[in-house]
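In this text, residue positions in the sequence shown follow our numbering: the first is 79, and each later residue adds one.
Glycine residues also receive a C-beta, built at the ideal position from the N, C-alpha and C atoms.
Below is one structure, written out as structure tokens; the observations come after it.
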Amino acid sequence: MDELQRIDSHLLFYSCLAMDLSALTAFFYGFRDREKILDIFEKTCGGRLIMNYNTIGGVQADLAPDFQKQVKEFIPYLRGILHEYHEVFTGNIIAQERLKGVGVLSREDAISFGATGGTGRASGWACDVRKRMPYSVYSKVDFKEIVRTEGDSWARYLVRMDEILESLNIIEQLIDNIPEGPYQEKMKPIIRVPEGTYYAAMEGSRGEFGVFLESHGDKMPYRLHFRSTGLPLVSVVDTISRGAKIADLIAIGGTLDYVVPDIDR
């Protein structure tokens, strides 16, 4: 489900970036195929955009009866049609002129700002939490961390397009190995966390999503802080937009892939 969500997000990224750069056909391609993932989500948990699927102790609902069948049909479908995405947009000379060499983010600045995800990896920073601090079953699957060194809008675009294929590879390794058993363990209504500080993170579609918790041993945490993925991304805009044209800001913002509600805190 997490990797389907990543593909869903990257298809949204492709669609919106293409539309921002006036490529309307590409926008329709991405939204057409994203709907197939949203239908799978809806059948499983009732949600499409906002799912709240992962919970403490497991997940909130069992998989839909035809989940595996639909996913197995989707994998070869998307693999076989991605070349059309590249034909209509990636290979377009206007798109390349708008993205190549625009909004260059150095590896040092990416690390300094904490710009993780595809943005950091496009600048040469190997920051994938799934590789650095494996969680769930990521240590048991074979996949490549997509890293480029150019650091420009073009690299940020290509990283995410390549990550779609890697997510398909991950799903293909797991889809026939879903274990039997309960989908959620019974949990206490109140979890008393031992005294100390804790941090856990996962690789979201746009970068590292983390939770910091400080406990004094009480039934309520002393401090709880979420590290969202978007704020570091929007923070780099001033640095990498200097000397660029106003039109370049569209390409820069689109390839950073931040989401406004995520940064409005």
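Have a look at the options and flag the residue whose alpha-carbon is nearest the alpha-carbon of residue i.
i	options	result
Leu-327	Arg-176, Arg-84, Arg-210	Arg-176
Tyr-300	Phe-287, Ile-318, Gly-274, Phe-106	Gly-274
Gly-196	Gly-282, Asp-220, Thr-103, Met-79	Gly-282
Thr-194	Ala-279, Ser-293, Thr-103	Ala-279
Leu-102	Ile-134, Gly-124, Ile-118, Phe-167	Phe-167
Tyr-107	Lys-121, His-161, Pro-310	His-161
Asp-220	Arg-208, Ile-172, Asp-254	Arg-208
Asn-130	Glu-250, Met-79, Asp-117, Leu-95	Met-79
Gly-158	Leu-246, Phe-304, Pro-212	Leu-246
Asn-170	Val-337, Ala-96, Val-215, Gly-198	Ala-96
Does DSSP put residue i in a helix, a strand or coil?
i	result
Gly-169	coil
Tyr-336	coil
Lys-286	In the sequence as presented, Lys is not what sits at residue 286; that position holds Glu. Three-state DSSP puts Glu-286 in a strand.
Gly-331	helix
Thr-103	helix
Ala-322	coil
Tyr-155	helix
Glu-228	coil
Ile-268	coil
Arg-110	helix
Leu-116	helix
Tyr-213	coil
Arg-199	helix
Leu-309	helix
Val-149	helix
Arg-176	helix
Leu-127	coil
Identify the continuous beta strand (DSSP E) that holds residue i and give its terminal residues.
i	result
Arg-305	301 to 305
For the alpha helix (DSSP H) holding residue i, just list the boundary residues, first then last.
i	result
Arg-210	207 to 210
Thr-317	315 to 319
Gln-83	80 to 98
Leu-236	231 to 252
Ala-188	185 to 191
Thr-194	It is not in any alpha helix (DSSP H) - Thr-194 carries neither H nor E in the DSSP assignment.
What whole-angstrom Cβ distance do residue i and residue j have, given they're in contact under 8 Å?
i	j	result
Ala-329	Leu-99	7 Å
Met-298	Tyr-92	That belief does not hold up - the Cβ atoms of Met-298 and Tyr-92 are roughly 42 Å apart, past 8 Å.
Trp-203	Ile-224	With a Cβ gap of about 12 Å, Trp-203 and Ile-224 do not count as contacting.
Gly-179	Ser-201	The Cβ separation is near 14 Å, so there is no contact.
Thr-317	Asp-187	6 Å
Glu-81	Ile-268	Actually they do not touch by this definition, with Cβ atoms about 32 Å apart.
Lys-222	Glu-258	The Cβ separation is near 30 Å, so there is no contact.
Val-315	Gly-331	7 Å
Leu-89	Arg-126	Wrong, their Cβ atoms sit about 13 Å apart, outside the cutoff.
Val-149	Ile-118	7 Å
Ile-128	Ile-85	Not confirmed; about 17 Å, so no contact.
In the DSSP assignment, what are the bridge partners of residue i?
i	result
Val-219	Looking at the DSSP assignment, Val-219 forms no beta bridge with any residue, so it has no partner.
Thr-133	Gly-136
Ser-293	Gly-274
Gln-262	Gly-136
Glu-281	Glu-286
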